[in-house]
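What follows is the structure, encoded as structure tokens:
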């Protein structure tokens with residue numbers, strides 16, 4: 764018996780139907796990647812903050828809130844939790860004594876590295892099951908999705 768998900772289906776290419784199909788696929792992939800990451804003690808928001816600090820370096824709570832598209836009070840709570848968990852530290856701002864910066868510490872870097880390792884391992888396994896042509900098509904689609912995300 765064929766699994767319905769494995770049957771090739773001709774999908775619509777209208778903007779509306781493509782949008783629905785793309786959103787559904789991205790949601791499923793995102794859920795699978797979250798499950799593969801293994802780190803269940805961190806929320807998506809907390810992991811996003813750790814990732815932002817890893818990529819961009821120390822940031823003020825306000826800059827983090829803007830970067831993560833959340834309100835400053837929510838970011839203050841997130842930073843407090845991450846500090847309590849031992850993944851970030853608050854340090855004095857070098858030029859403005861009224862502000863603090865949030866920086867990733869070694870424990871935070873270790874968590875991010877492990878989450879990435881597990882996610883990348885899962886993705887590599889999934890990509891290995893594709894044909895070279897499918898991987899090339901996915902590479903092209905990735906460029907388009909990045910363009911959409913950055914618009």
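In the numbering used here, the protein residues as written are 764 to 914. Where is the CB? At the ideal position from N, CA and C, for every residue including glycine.
Exposure label - residue 911; buried when at least 16 CB within 10 Å: Working through the chain shown from its first residue, we reach residue 911 at position 148. Answer is exposed; the Cβ neighbour count stays below 16.
Beta-carbon proximity list for residue 862, same chain, < 6 Å, skipping 5 on both sides: The sequence position of residue 862 within the chain shown is 99, counting from 1. Answer for residue 862: 823, 856, listed in chain order.
Rounded separation between residue 875 and residue 914 - CA only: Within the chain shown, the letter at position 112 stands for residue 875. Within the chain shown, the letter at position 151 stands for residue 914. C-alpha separation (whole angstroms): 27 Å.
Presumed contact (8 Å Cβ cut-off) between residue 785 and residue 871, rounded CB distance: Numbered from 1 along the chain shown, position 22 holds the residue referred to as residue 785. Numbered from 1 along the chain shown, position 108 holds the residue referred to as residue 871. Actually they are not in contact, since the Cβ atoms of residue 785 and residue 871 sit about 33 Å apart, beyond 8 Å.
Among 794, 796, 817, the one whose alpha carbon lies nearest that of residue 867: Along the chain shown, read from residue 1 onward, the residue named residue 867 stands at position 104. Of 794, 796, 817, the residue nearest in Cα terms is 817.
DSSP state of residue 855 mapped onto helix, strand, coil: Residue mapping note: residue 855 aligns to position 92 of the chain shown, counting from 1. Reduced to three states, the DSSP call for residue 855 is strand.
Rounded separation between residue 859 and residue 811 - CA only: For the purposes of this step, residue 859 is identified with residue 96 of the chain shown, where counting begins at 1. For the purposes of this step, residue 811 is identified with residue 48 of the chain shown, where counting begins at 1. When rounded, the distance between both Cα atoms is 26 Å.
Within 8 Å, strictly: CB atoms of residue 830 and residue 815: On the chain shown, residue 830 is found 67 positions in, with the first residue counted as 1. On the chain shown, residue 815 is found 52 positions in, with the first residue counted as 1. A contact, by the Cβ cut-off of 8 Å.
Three-state secondary structure assigned by DSSP to residue 863: As a first step, residue 863 is located in the chain shown; it is residue number 100 there, counting from the start. Residue state, collapsed to three classes: strand.
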